[in-house]
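Participant: To start, I am sharing the structure in question, which I have written as structure tokens.
2 protein chains.
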Amino acid sequence: MTAAAGSLEDWPMHAVDEAVRLGRMDRDEVSQRIASLPVDRRAAVFSRLTPRLQVDLAEAMTRDDLATLGAAMAPDDLADLAGLLGAEARAIFLADLDPELRACAERLIAHAAGTAGGIMTTDYAALEADATALETLDSLRRKAPEEAAMQRVLVLNEGRLVGAVPLRDVILAPDDARLGELMDAAPIHVGVGEDRETAARLVARYDLPVLPVVEDDGRLVGVITHDDAARALAAETTEDFQKTSTVLPISETIRDAGIGLLYRKRVVWLALLVFGNLFSGAGLAYFEEMILTYVSLVFFLPLLIDSSGNAGAQSATLMVRAMATGEVEISDWTRLLLRELAVAAGLGVTMALVVAPLGLWRGGGEVALVVAATMMVLVLLGSLVGMSLPFLLSRFKLDPATASGPLVTTISDGVGVLVYFTIATLVLG
Amino acid sequence: MTAAAGSLEDWPMHAVDEAVRLGRMDRDEVSQRIASLPVDRRAAVFSRLTPRLQVDLAEAMTRDDLATLGAAMAPDDLADLAGLLGAEARAIFLADLDPELRACAERLIAHAAGTAGGIMTTDYAALEADATALETLDSLRRKAPEEAAMQRVLVLNEGRLVGAVPLRDVILAPDDARLGELMDAAPIHVGVGEDRETAARLVARYDLPVLPVVEDDGRLVGVITHDDAARALAAETTEDFQKTSTVLPISETIRDAGIGLLYRKRVVWLALLVFGNLFSGAGLAYFEEMILTYVSLVFFLPLLIDSSGNAGAQSATLMVRAMATGEVEISDWTRLLLRELAVAAGLGVTMALVVAPLGLWRGGGEVALVVAATMMVLVLLGSLVGMSLPFLLSRFKLDPATASGPLVTTISDGVGVLVYFTIATLVLG
Chain A
1 MTAAAGSLED WPMHAVDEAV RLGRMDRDEV SQRIASLPVD RRAAVFSRLT
51 PRLQVDLAEA MTRDDLATLG AAMAPDDLAD LAGLLGAEAR AIFLADLDPE
101 LRACAERLIA HAAGTAGGIM TTDYAALEAD ATALETLDSL RRKAPEEAAM
151 QRVLVLNEGR LVGAVPLRDV ILAPDDARLG ELMDAAPIHV GVGEDRETAA
201 RLVARYDLPV LPVVEDDGRL VGVITHDDAA RALAAETTED FQKTSTVLPI
251 SETIRDAGIG LLYRKRVVWL ALLVFGNLFS GAGLAYFEEM ILTYVSLVFF
301 LPLLIDSSGN AGAQSATLMV RAMATGEVEI SDWTRLLLRE LAVAAGLGVT
351 MALVVAPLGL WRGGGEVALV VAATMMVLVL LGSLVGMSLP FLLSRFKLDP
401 ATASGPLVTT ISDGVGVLVY FTIATLVLG
Chain B
1 MTAAAGSLED WPMHAVDEAV RLGRMDRDEV SQRIASLPVD RRAAVFSRLT
51 PRLQVDLAEA MTRDDLATLG AAMAPDDLAD LAGLLGAEAR AIFLADLDPE
101 LRACAERLIA HAAGTAGGIM TTDYAALEAD ATALETLDSL RRKAPEEAAM
151 QRVLVLNEGR LVGAVPLRDV ILAPDDARLG ELMDAAPIHV GVGEDRETAA
201 RLVARYDLPV LPVVEDDGRL VGVITHDDAA RALAAETTED FQKTSTVLPI
251 SETIRDAGIG LLYRKRVVWL ALLVFGNLFS GAGLAYFEEM ILTYVSLVFF
301 LPLLIDSSGN AGAQSATLMV RAMATGEVEI SDWTRLLLRE LAVAAGLGVT
351 MALVVAPLGL WRGGGEVALV VAATMMVLVL LGSLVGMSLP FLLSRFKLDP
401 ATASGPLVTT ISDGVGVLVY FTIATLVLG
């Protein structure tokens with residue numbers, strides 16, 4: 001992500017901060033400010049603007065200005081920008097680049113945004129196994145890849161990845177040591193079509209500064225640097241948060257997202273869950289007589305179904321997150337289920353004791369019994385549903401993160417109404 | 001996090017994977033396996049075990065074995081282990097280390113786990129400004145800091161941090177270039193007592209391979225590497241997920257957490273929210289007559305309050321996450337509030353149209369009107385509460401992440417019952 005030449009650190013304000021500041025300014029001011037920067041700084045700041053702003057500015061630039069900007073950008077940032085432009089504008093933009101840079105950009109653009117290929121860069125350090133440490137350092141001085149990509153020197157055999165050597169080891173080794181001797185001969189790598197989240201989690205799991213990306217035949221095609229991996233992981237995590245609350249994944253930044261986009265991403269589950277809630281409504285209709293006879297039962301309804309939903313949301317969220325970080329696997333389900341039973345039983349008893357005095361106060365001894373017994377069953381059921389749903393979804397190859405709090409709540413509501421009034425019928429009626 | 005000498009990459013299975021595999025084995029087998037490894041590999045694998053397992057194994061080791069292990073560990077991993085031991089065991093452990101390593105460890109242990117000092121390492125590269133590029137490389141060869149820490153050479157003046165030079169620039173520079181000429185004279189850094197999340201977000205924001213950590217007087221005391229920052233950020237994010245569903249932050253891994261711990265972290269909010277739900281119960285009691293007269297109103301109660309809570313949870317979660325990543329600030333509130341009003345109005349109208357036919361079917365025209373009107377108001381109110389709560393909490397210096405779905409739901413429940421039956425009274429009674 002650094003400019004091709006010159007150091008970001010020359011400047012008093014970091015490119016990131018300038019980009020954030022520009023993001024809050026008026027569009028015309030931004031255009032002027034960007035145009036006034038020296039070209040390397042301009043590329044560094046521009047690459048850090050939000051996608052929406054990049055597109056707006058690019059469309060307002062002259063063809064020459066855009067070409068000048070492109071020539072100063074890193075290949076992965078260039079590819080990102082090109083990918084955002086309309087087909088015609090993209091073709092013109094690429095045509096204006098020098099052939100080598102255009103070739104890099106086109107290789108990168110070919111990959112879908114959500115894949116390893118979509119977050120890699122073609123700016124990396126790679127040599128053959130017989131290169132010496134001294135030759136490697138000379139090569140690095142000539143080619144000058146970006147800072148993060150330089151941290152691992154990749155070793156190739158006829159273009160195929162066969163090893164990786166930390167830059168540290170190249171520096172520490174005698175001048176005549178060969179890369180083939182220094183290298184890890186089984187370097188962790190990822191396929192170019194692999195999910196970007198898988199790639200990002202590899203980087204995190206193995207503390208990699210750089211993750212090489214290969215084609216099916218083993219040919220090296222790019223690398224994912226730790227900072228780009230972290231950025232991808234943060235985006236995936238934000239999507240998980242959104243799913244937790246039944247918002248469909250939003251690709252824009254929240255500040256930039258428009259009213260229409262937010263509406264579409266939120267209305268789907270809100271409407272779907274209405275139909276889930278019909279079950280609880282039907283249950284209440286079925287027990288109409290009981291409600292009319294013991295109307296105080298209704299006072300506790302929100303309390304009971306909320307508690308059940310909350311307990312379920314707790315379980316579900318803990319599991320979904322643990323599964324996403326790879327901490328928990330499907331094979332853990334039985335052991336964790338037994339533990340959840342114990343925890344839920346404890347929670348259920350506690351909640352029953354909390355709510356019993358309220359039941360006593362508002363409706364008398366028998367109502368207290370009904371409410372307490374229901375609370376205990378519902379907390380237990382809600383927790384078990386909440387814990388199991390992510391595993392079930394995963395077993396059927398669905399995204400476990402769909403097991404959101406609201407979904408679990410809706411399921412336990414329908415069941416909860418049945419349980420509540422059945423217990424009430426048994427005790428009171 | 002790498003061993004002091006020898007490369008992790010010598011081994012067919014990465015230390016991380018071996019650690020994960022051991023974590024699922026029987027304790028005795030684990031002890032045997034660990035003891036059978038060559039010492040550097042042993043240290044690398046041990047450091048990656050869960051804290052619970054590290055403590056159990058350390059307590060079962062002989063004093064000599066533990067000392068041997070400690071001598072091979074990186075200073076930050078050593079400090080982490082020492083911090084986990086009981087006071088007496090820690091004293092013995094530290095006493096058995098050689099003085100230099102003990103001093104490093106003690107400096108690190110002094111810092112609380114949730115601070116920058118708690119995730120830094122003392123293994124870094126630092127020289128004075130008049131050192132040349134050649135001298136720097138020689139110094140790096142002698143001192144051989146860990147891979148990640150080597151990426152930035154820190155420049156000191158009498159122990160105080162005055163600059164930072166990427167290793168890349170040291171390599172690219174002529175042999176006689178001085179660090180003072182190459183350096184960024186305003187390097188991003190963090191105070192040793194600063195929150196670890198703040199430090200981790202600095203690393204993410206500026207794509208830093210290494211973040212220097214300083215005392216109040218500017219003296220350099222350690223660095224945070226990008227991988228340790230990523231790990232800290234993942235832990236903080238997991239806590240945010242837990243707060244989203246009203247679980248108090250759990251410091252253990254989910255697989256290791258015991259029944260008692262899970263119970264304590266979940267029961268607090270479950271019980272607290274019961275008292276929040278008393279308001280909805282009281283509201284229902286107040287409108288007892290209405291319920292008895294128009295019992296079909298009760299059929300829609302779960303549906304209405306769930307939808308309100310869901311809409312609120314959506315808003316709240318979007319805001320909490322955006323505030324955590326620094327994308328949204330308190331000053332954005334007004335603009336985002338207006339946008340939320342528009343989105344919520346759209347959602348409210350849609351939901352009202354979805355639910356009107358149901359109201360018609362189950363209760364007739366007037367009930368349909370009541371239900372639809374209530375749905376619209378509740379979705380609007382729920383969204384506004386959900387969006388505002390994180391900002392309000394932040395304004396009062398509380399953690400915005402406390403604005404969980406369940407909390408927002410409980411608040412909108414109480415309001416919702418009042419709104420529902422008030423509208424019903426106006427239309428029907």
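Just so you know, the sequences run in chain order A and B.
Take the first sequence: its position 186, counting from 1, is numbered 186 in full-length UniProt numbering, and each next residue is one higher.
Take the second sequence: its position 82, counting from 1, is numbered 82 in full-length UniProt numbering, and each next residue is one higher.
Positions of the beta carbon are idealized from the N, C-alpha and C atoms, including for glycine.
1) Taking the alpha-carbon positions, what's the residue 120(B) to residue 69(A) distance?
2) Looking at the structure shown, is residue 177(A) part of a helix, part of a strand, or coil, going by DSSP?
3) Contact defined as beta carbons within less than 8 Å: I believe residue 408(A) pairs with residue 385(A). What is the distance between those atoms, to the nearest angstrom?
4) Does the separation of the CB atoms of residue 66(A) and residue 30(A) fall below 9 Å?
5) Using a Cβ-Cβ cutoff of less than 6 Å, which residues in the same chain neighbour residue 96(A) once the five nearest sequence positions on both sides are dropped?
6) Please report the straight-line C-alpha distance between residue 130(B) and residue 175(B), rounded to a whole angstrom.
7) Counting only C-beta atoms, is residue 144(A) closer than 9 Å to chain B at any point?
8) Given residue 133(B), which residues of its chain have a CB within under 6 Å of its CB, disregarding the five upstream and five downstream residues?
9) Determine the direct distance from the alpha carbon of residue 201(B) to that of residue 148(A), and round the result to whole angstroms.
10) Leaving aside the five residues before and after residue 340(B) along the sequence, list all residues of the same chain whose C-beta is less than 7 Å from its C-beta, in chain order.
11) Is there a Cβ of chain A sitting closer than 9 Å to that of residue 421(B), yes or no?
12) Is the shortest distance between the beta-carbon of residue 411(A) and the beta-carbons of chain B less than 9 Å?
13) Just how far apart, CA to CA, sit residue 423(B) and residue 378(B)?
14) In the DSSP assignment, find the beta strand (DSSP E) that holds residue 164(B) and state where it starts and stops.
15) If the cut is a Cβ gap below 7 Å, which residues of chain A does residue 206(B) touch?
16) Please report the distance separating the alpha-carbon of residue 2(B) from that of residue 183(A).
17) So that I know if they touch, is there some Cβ in chain A lying closer than 9 Å to that of residue 41(B)?
18) For a contact defined as C-beta to C-beta under 8 Å, what are the partners of residue 224(A) on chain B?
19) Would you report the Cα separation of residue 45(A) and residue 101(A), rounded to the nearest angstrom?
20) Going by beta-carbon coordinates alone, are residue 283(A) and residue 427(A) separated by less than 9 Å?
21) Under the three-state reduction of DSSP, which class applies to residue 230(A): helix, strand or coil?
22) In the DSSP assignment, find the beta strand (DSSP E) that holds residue 145(A) and state where it starts and stops.
23) Counting only Cβ-Cβ distances shorter than 7 Å, please list the residues of the segment 369 to 383 of chain B near chain A, keeping chain order.
24) To the nearest angstrom, report how far apart residue 348(A) and residue 76(B) are at their CA atoms.
25) So does residue 378(A) have its beta carbon nearer than 8 Å to some heavy atom of the ligand NAP?
26) Starting from residue 128(B), follow the beta strand (DSSP E) in both directions and report where the run begins and ends.
27) Determine which residues of the segment 301 to 332 of chain B have a Cβ less than 7 Å from any Cβ of chain A, and write them out in chain order.
28) Within a Cβ cutoff of 8 Å, which residues of the same chain sit near residue 277(B), ignoring the five residues on either side of it in sequence?
29) For residue 135(A), go through chain B and note every residue whose CB falls closer than 9 Å to its CB, in chain order.
30) In angstroms, rounded to a whole number, what distance separates the CA positions of residue 239(A) and residue 375(B)?
31) Compute the Euclidean distance between the alpha carbons of residue 303(A) and residue 366(A), then round it to the nearest angstrom.
32) Drop a sphere of 10 angstroms on the beta-carbon of residue 196(A), count the other beta-carbons inside from all chains shown, and report buried for 16 or more, exposed for fewer.
33) Determine the extent of the beta strand (DSSP E) in which residue 152(A) is found, giving its start and end residues.
34) Check the C-beta distance from residue 299(B) over to residue 362(B) and give it rounded, since I have them as a contact under 8 Å.
35) Note down, in chain order, every chain A residue with its Cβ under 7 Å from the Cβ of residue 254(B).
36) Per DSSP, residue 237(B) is paired with what?
Facilitator: Looking at the atomic coordinates:
1) Spanning the two alpha carbons is a distance of roughly 38 Å.
2) In the three-state reduction of the DSSP assignment, residue 177(A) falls in the coil class.
3) Between residue 408(A) and residue 385(A), the beta carbon gap of about 6 Å places them in contact (Cβ cut-off 8 Å).
4) For the 9 Å CB-CB criterion, residue 66(A) and residue 30(A) do not form a contact.
5) Exclusion of the five residues before and after residue 96(A) leaves 67 as the residues of its chain whose Cβ lies within less than 6 Å of its Cβ.
6) Rounded to the nearest angstrom, the two C-alpha atoms are 13 Å apart.
7) With 9 Å as the cut-off, residue 144(A) counts as an interface residue toward chain B.
8) The residues are 170, 173, 175, 177.
9) Each residue's alpha carbon lies about 18 Å from the other.
10) Around residue 340(B), the same chain offers 315, 383, 384, 387 as residues with beta carbons nearer than 7 Å, after the five sequence neighbours per side are excluded.
11) Taking Cβ atoms only, chain A never reaches closer than 9 Å to residue 421(B), which makes this a no.
12) No, residue 411(A) lies away from the interface with chain B (no Cβ there is under 9 Å from its Cβ).
13) The straight-line gap from Cα to Cα measures roughly 11 Å.
14) Per DSSP, the unbroken beta strand (DSSP E) holding residue 164(B) starts and ends at 160 to 166.
15) Neighbours of residue 206(B) in chain A, taken as residues whose beta carbon is under 7 Å from its own, are 14, 16 in chain order.
16) Reliability fails at residue 2(B), whose pLDDT of 32 lies under 50, so the model's placement of it is uncertain and the value that follows must be treated cautiously. Answer to the nearest angstrom: the Cα atoms are 16 Å apart.
17) Judged by the 9 Å Cβ criterion, residue 41(B) is not in contact with chain A.
18) Under the 8 Å cutoff, chain B gives no residues; its nearest Cβ is about 13 Å from residue 224(A).
19) Each residue's alpha carbon lies about 20 Å from the other.
20) Contact: no.
21) Residue 230(A): helix per DSSP, three-state reduction.
22) Bounds of any beta strand (DSSP E) do not take in residue 145(A), whose DSSP letter is neither H nor E.
23) Answer in chain order: no residues at all.
24) So the two alpha carbons sit approximately 42 Å from each other.
25) This structure lacks the ligand NAP, and indeed carries no ligand of any kind.
26) Segment 126 to 128, the beta strand (DSSP E) holding residue 128(B).
27) Result list: 301, 302, 303, 305, 306, 307, 310, 311, 313, 314, 317, 318, 321, 322, 325, 327, 328, 332.
28) So the list reads 410, 413, 414, once near-sequence residues are dropped.
29) Scanning chain B for C-beta atoms nearer than 9 Å to the C-beta of residue 135(A) yields nothing, as the closest lies near 14 Å away.
30) Answer to the nearest angstrom: the Cα atoms are 27 Å apart.
31) Between the C-alpha atoms of residue 303(A) and residue 366(A) there is a straight-line separation of about 18 Å.
32) Buried, by the Cβ-count rule.
33) Residue range 152 to 157 is occupied by the beta strand (DSSP E) that includes residue 152(A).
34) Cβ atoms of residue 299(B) and residue 362(B) come within 8 Å of each other, at about 6 Å.
35) Per Cβ cutoff of 7 Å: 318, 322, 327, 328.
36) Per DSSP, none; premise fails for residue 237(B).
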